[in-house]
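Colleague: Just dropping this structure here.
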Amino acid sequence: MRQEHVTSDADDRLTEAVKKAVERLGIRLLGHVSVAGENYYGNADEEKL
Numbered sequence: 001m002r003q004e005h006v007t008s009d010a011d012d013r014l015t016e017a018v019k020k021a022v023e024r025l026g027i028r029l030l031g032h033v034s035v036a037g038e039n040y041y042g043n044a045d046e047e048k049l
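Rendered as structure tokens:
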């Protein structure tokens with residue numbers, strides 16, 4: 001079940017850190033999913049990458 005919500009600053013910082021780390025390896029991050037119980041949020045769905 002997709003939950004509409006805003007990510008925390010910590011979520012956004014983690015996503016940016018992972019994105020930078022994998023870019024150094026020549027990998028493009030396509031999305032980052034946060035899961036809480038039966039709810040999830042994918043930032044690629046909102047074009048935040």
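In the UniProt record's numbering, the protein residues as written are 1 to 49. Don't be surprised by glycine CBs; every beta carbon is placed ideally from N, CA and C. Just so you know, these numbers come straight off a predicted model, no measurement behind them.
1. With distance defined between alpha-carbon atoms, name the residue in Ser8, Leu30, Thr7 nearest to Val18.
2. On the DSSP bridge assignment, give the partners of Ser8 in chain order.
3. Short check: CB of Val33 to CB of Gly42, under 8 Å?
4. Please go through the same chain and pick out, in chain order, the residues whose beta-carbon is closer than 7 Å to the beta-carbon of Val22, but skip the five residues on each side of it.
Modeller: In this structure, then:
1. Reading the sequence shown from its first residue, position 18 is the one you call residue 18. Out of Ser8, Leu30, Thr7, Leu30 has the C-alpha closest to the C-alpha of Val18.
2. As a working mapping, residue 8 is identified with position 8 in the sequence shown. According to DSSP, which records beta bridges pairwise, Ser8 is partnered with nothing at all.
3. Taking the sequence shown and counting its residues from 1, one reaches residue 33 at position 33. Taking the sequence shown and counting its residues from 1, one reaches residue 42 at position 42. Yes.
4. If you number the sequence shown from 1, residue 22 lands on position 22. Hits under 7 Å: Leu29.
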